[in-house]
Structures are given as structure tokens and as C-alpha cells.
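Take a look at the structure below.
In UniProt numbering, the protein residues as written are 1 to 226.
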């Protein structure tokens with residue numbers, strides 16, 4: 001990783017006074033971490049046969065490509081980490097990205113297009129149902145992510161962040177969050193930032209549980225992701 005990537009999420013110039021109490025909720029953070037470890041551990045054990053089947057489907061479609069995709073994301077306080085997903089795109093997806101940037105359908109520091117030509121057939125299904133996100137349970141066990149929290153951005157996205165946008169990086173990123181259960185493919189970047197900051201200010205265990213339950217419903221309906 002280049003030195004520029006290692007500093008993309010620096011919080012040195014961000015005023016955190018309005019949100020400083022978010023990470024001082026010691027009791028909440030301890031219980032939240034316990035819930036993360038227990039939830040991710042149980043999830044991996046129960047889903048193991050299903051995860052194996054998904055891996056086989058990915059290999060059957062593209063025997064030469066890897067099952068998992070590890071991508072650098074920016075975590076709490078701007079610290080980069082490797083986030084795991086089931087591979088849903090062709091192997092050279094990153095190399096093809098520059099030619100697609102003009103088709104971006106979301107304003108702000110994110111990239112998303114509805115009919116991304118880089119997505120495989122199996123990939124389209126697992127993305128639509130958010131199954132491709134399940135390997136992130138390993139990131140949760142490692143403490144790099146939480147079950148609930150702001151979406152972890154890419155380094156190139158953080159390069160475009162304003163000081164205000166960087167406030168999202170004050171807490172541990174999550175596998176799911178308010179953005180994901182609010183029609184994520186129809187929510188713009190600015191709305192996502194406001195949702196995340198609202199969560200950071202108001203988060204409770206009850207809110208986390210509600211978001212997890214809503215996430216399950218969204219996955220079953222599988223209509224808001226692409």
C-alpha cells in the first residue's frame with residue numbers, strides 16, 4: 001500500500017468536539033463488542049454450509065478466479081484494513097473501473113451503476129441479496145468492523161471527503177447500517193453521510209438490534225441492492 005493510501009483517512013484536521021461523547025459510552029461499546037463477537041461467531045458456524053455452496057457456485061462460473069475478494073477500506077480514525085467479500089465481479093474489475101467512471105449514477109464520493117458490466121451472473125445474484133457481504137463476519141471477529149455501523153469507504157472515496165464527511169470515520173464501520181436498510185441504491189452520498197452522523201450521535205443497542213432485523217428483511221426482499 002502506498003504512503004498516500006495509509007494517510008487518506010487521517011483525522012488530524014477534523015474537529016470531533018460535537019461527537020466526542022460517542023466513543024465515551026464505555027458500557028455500550030463493551031456490550032456492542034460482545035454482541036459483535038457472539039453474533040459473528042454464531043453466524044459463521046450456522047452459515048458455513050451455505051457459504052461453501054456459494055463458494056462452489058463462484059468457482060463453477062469462473063474456475064480460475066478466487067472465491068473471495070479482499071479490498072482495502074478505511075476504518076475507524078482513518079485506519080486502512082482489508083475487507084472481505086465474495087467475489088462478484090470479473091478478475092480485472094479494478095482495471096476496468098476508469099472507463100466506467102463517467103457512468104456513475106451517484107453524486108459524491110461513491111461509484112455505482114445499475115448495470116455494471118463487470119458483475120458476473122452469480123455475482124449479480126449475491127449482490128442483489130447482499131450475500132456477497134457475509135465474509136465480512138470475519139472482519140467483525142477481527143475487530144476491524146462491527147455488525148452495525150457506517151459503511152467503510154474506499155481510499156479513493158476518502159480522498160474526496162470534506163472535513164465534515166470524515167466525521168463518519170470516528171467509529172468502527174459496520175456490515176450494515178441505516179443507509180443499507182433505507183434503500184441504499186436510491187440514497188445519495190450526502191444523505192448517507194447525514195444518516196451515518198445521526199447514527200453516531202444517537203446509537204444504542206436497541207437501535208443496533210432494530211437495524212440488524214431490518215437488514216434481514218431487506219436481504220429476503222432483495223430489491224434495493226445492485
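Heads up, the beta-carbon is just placed ideally off N, CA and C, and yes, glycines get one too.
Cβ separation of residue i and residue j, assumed to be a contact under 8 Å, to the nearest whole Å
i           : j           : result
residue 83  : residue 152 : 6 Å
residue 219 : residue 130 : 5 Å
residue 75  : residue 91  : Not quite, the Cβ-Cβ distance comes to about 26 Å (not below 8 Å), so this is no contact.
Terminal residues of the beta strand (DSSP E) in which residue i lies
i           : result
residue 147 : 146-148
residue 74  : 68-74
Three-state secondary structure assigned by DSSP to residue i
i           : result
residue 218 : helix
residue 155 : helix
residue 22  : Reliability of the predicted coordinates at residue 22 is poor, the pLDDT of 46 falling under 50, and the value obtained from them is presented with this limitation in mind. Helix.
Terminal residues of the alpha helix (DSSP H) in which residue i lies
i          : result
residue 52 : 26-61
residue 79 : Element bounds for residue 79: n/a, residue is neither H nor E.
Near the ligand FAD: residue i beta-carbon under 7 Å from a heavy atom
i          : result
residue 37 : Among the components modelled here there is no ligand, and therefore nothing to report on the ligand FAD.
>> Is it the case that the region 194-208 contacts the region 161-174, given that we only count it when at least three CB pairs across the two stretches are under 8 Å?
In response: yes
> At what residue ranges does the region 88-137 contain a whole run of the alpha helix (DSSP H), taking only runs of 4 or more?
Replying inline: 93-96, 121-128
>> My parser needs the beta strand (DSSP E) runs of 3 or more residues fully inside the region 165-216; what are they?
In response: 174-176
> Does the region 174-183 come within contact of the region 135-150, defined as at least 3 CB pairs closer than 8 Å?
Replying inline: yes
>> Pairs of beta-carbons, one from the region 112-119 and one from the region 36-54, closer than 8 Å: are there three or more?
In response: no
> Is the region 60-68 in contact with the region 153-165, if contact means three or more CB pairs nearer than 8 Å?
Replying inline: no
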